[in-house]
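Please read the structure below before turning to the comments.
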Amino acid sequence: MSQALIIEALRTPRGRGNDKGALRSLKPVDLLAQQLKALAQQTGIDTAQVSDAIIGCVTQTADQGANIGKLALVRAGWSDQVPGLSINRYCASGLSAVHLAAQQAMDNDSLAVGGGVEMMSRVPMASDQGPLTHDFEFQQQTMLVPIGISADTIATMEGFDRAQCDAYALASQQRAVAALQQGRYKSVTPVHGADGAVLLAQDETPRAQTTLETLGQLTPAFAAMAEKYGIDKLMCQRYGLGHVNHVQHAGNSPTMADGASAVLLASPAAAKRMGLKARARILATATVSVDRTLALTGAVQATEKALALAGLTVQDIDLFEVNEAFASLMLHYMKHLNVPHDKLNVNGGAIALGHAMGSTGSALVGMALDELEARQARRAVISLCGAAGLAVAMVIERV
1 MSQALIIEAL RTPRGRGNDK GALRSLKPVD LLAQQLKALA QQTGIDTAQV SDAIIGCVTQ
61 TADQGANIGK LALVRAGWSD QVPGLSINRY CASGLSAVHL AAQQAMDNDS LAVGGGVEMM
121 SRVPMASDQG PLTHDFEFQQ QTMLVPIGIS ADTIATMEGF DRAQCDAYAL ASQQRAVAAL
181 QQGRYKSVTP VHGADGAVLL AQDETPRAQT TLETLGQLTP AFAAMAEKYG IDKLMCQRYG
241 LGHVNHVQHA GNSPTMADGA SAVLLASPAA AKRMGLKARA RILATATVSV DRTLALTGAV
301 QATEKALALA GLTVQDIDLF EVNEAFASLM LHYMKHLNVP HDKLNVNGGA IALGHAMGST
361 GSALVGMALD ELEARQARRA VISLCGAAGL AVAMVIERV
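Numbering follows the UniProt record's numbering, in which position 265 of the sequence shown is assigned residue number 265; successive positions increment by one, without gaps.
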């Protein structure tokens, strides 16, 4: 069976998602438009040949509302014939966008774009005020708890302590700093301001000064909330625990970030017809939903499903790019899939690089491809979990 091809994958450097972030002066529509322009320029495509552009964006309000996927195409000067769609599958949105775009490319025997954007400096997380974060009655009735408390509960159930989580977080920082120094992020395209000057050329989020000592000084982020609202008691009752060990804090959780990314996909026939050289093919994709209260364990099941669909095992995979939603989840992923740490997020992850929610999934495609090519390796798995139990995974193979 023919498989969708990945022609190119680009991302912005990630800016800090606060009022001191280097990208904050840009609007999200402009940040994404720059990536779309770069994608068209680097591949030389006629944008009128693109059947659709599907863009992940989690907080679709204010500067990120009104179908930013279509509006960024307009801003980028793409053909009016490209429809444009914005989707929200929480933190998995960007990779789901790539998955759906791959289907579009195959269905239409043409090109399609999957990508994402999130500027947390301008559009704060949960500012869309949906029931997941702003309806306490709904949360109580459905047992949809804050995901940080879910991460702490997973750590408690699995026996992961604060020291293990901090050690993982430190490794993420060290790997990201080394990757920056070695120039391993080849998919990054500089971001320019309105005057044409470069605003940001590389990720500004990694913290080279991080140590186990500095991490050890940070206060658990979710303990007070869990106590105030009685959530620990609910989690203990639901999962048969004596207590919840709160191990997650600002240093072993993902950094809020600004970023955008775009991936060009093609059917094999379209790529041949248009003279486009592929970097990889998509072997399989999977979307799952798991226990909505624990919520964040789904990357394991999504990976298992995608590997099964591809007819592969963990041992057949050279690299794993998995969103570092929290350190405890990465320990859970390695434990349950028997993935060695030296194959997982080898150039750091969201704890160091930041998590621009709607963009991260599609950005990871470029990161995986860059490292596969650098190592002359063959296959990678990309996976992300999200709120309410959602998770996605994709298996790609370099060509």
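Backbone N, C-alpha and C fix where the C-beta goes; we use that ideal spot for every residue, glycine too.
Note that the structure is a prediction, hence the values are computed from the model and not measured.
Burial state of residue 137 is exposed, judged by a 10 Å Cβ sphere holding fewer than 16 other Cβ atoms. Restricted to the segment 207–270, the alpha helix (DSSP H) segments that are unbroken, complete and at least 4 residues in length are 212–216, 223–228 and 231–239, listed in chain order. Taking each of 123, 262 and 280 in turn and checking the Cα distance to residue 17, the smallest one comes out for 123.
Note on geometry: alpha-carbon atoms of residue 204 and residue 342 lie some 24 Å from one another. A straight line joining the alpha-carbon of residue 201 with that of residue 12 spans about 8 Å.
With contacts defined by Cβ atoms closer than 9 Å, residue 147 and residue 295 form a contacting pair. Here the C-alpha atom of residue 209 lies approximately 11 Å from the C-alpha atom of residue 215. When rounded, the separation of the alpha-carbon atoms in residue 378 and residue 233 is 47 Å. Contact between the segment 148–167 and the segment 90–99 is absent: fewer than 3 CB-CB pairs across the two stretches fall below 8 Å.
Residue 69 is a Cβ neighbour of residue 54, given a cutoff of 9 Å.
Distance from the CA atom of residue 318 to the CA atom of residue 62, rounded to whole angstroms, is 41 Å. Pairing residue 368 with residue 321 gives a Cβ-Cβ distance under 9 Å.
The segment 236–249 makes no contact with the segment 335–354, as fewer than three CB pairs between them are under 8 Å. One alpha carbon belongs to residue 91, the other to residue 118, and they sit about 10 Å apart. Its Cα nearest to that of residue 310, the residue 396 stands out among 271, 254, 297 and 396. DSSP, reduced to helix, strand and coil, places residue 149 within a helical segment of the structure shown. A residue is called buried when at least 16 other Cβ atoms come within 10 angstroms of its Cβ; residue 86 meets this threshold and is buried. Put simply, the backbone Cα of residue 184 is about 22 Å away from that of residue 357. Assigned with DSSP and collapsed to three states, residue 273 falls in helix.
Under DSSP, residue 341 takes part in no beta bridge, so it has no partner. A direct Cα-Cα distance of roughly 27 Å separates residue 81 from residue 194. By the CB criterion at 9 Å, residue 89 and residue 366 fall outside the cutoff. Rounded to the nearest whole angstrom, the C-alpha separation of residue 206 and residue 285 is 30 Å. Contact between residue 111 and residue 262 is absent: CB atoms are separated by about 12 Å, not below the 8 Å threshold.
Going by DSSP, residue 138 is part of the alpha helix (DSSP H) stretching over 136–142. Per DSSP, the unbroken beta strand (DSSP E) holding residue 385 starts and ends at 379–385.
Secondary structure of residue 297 (DSSP, three-state): coil.
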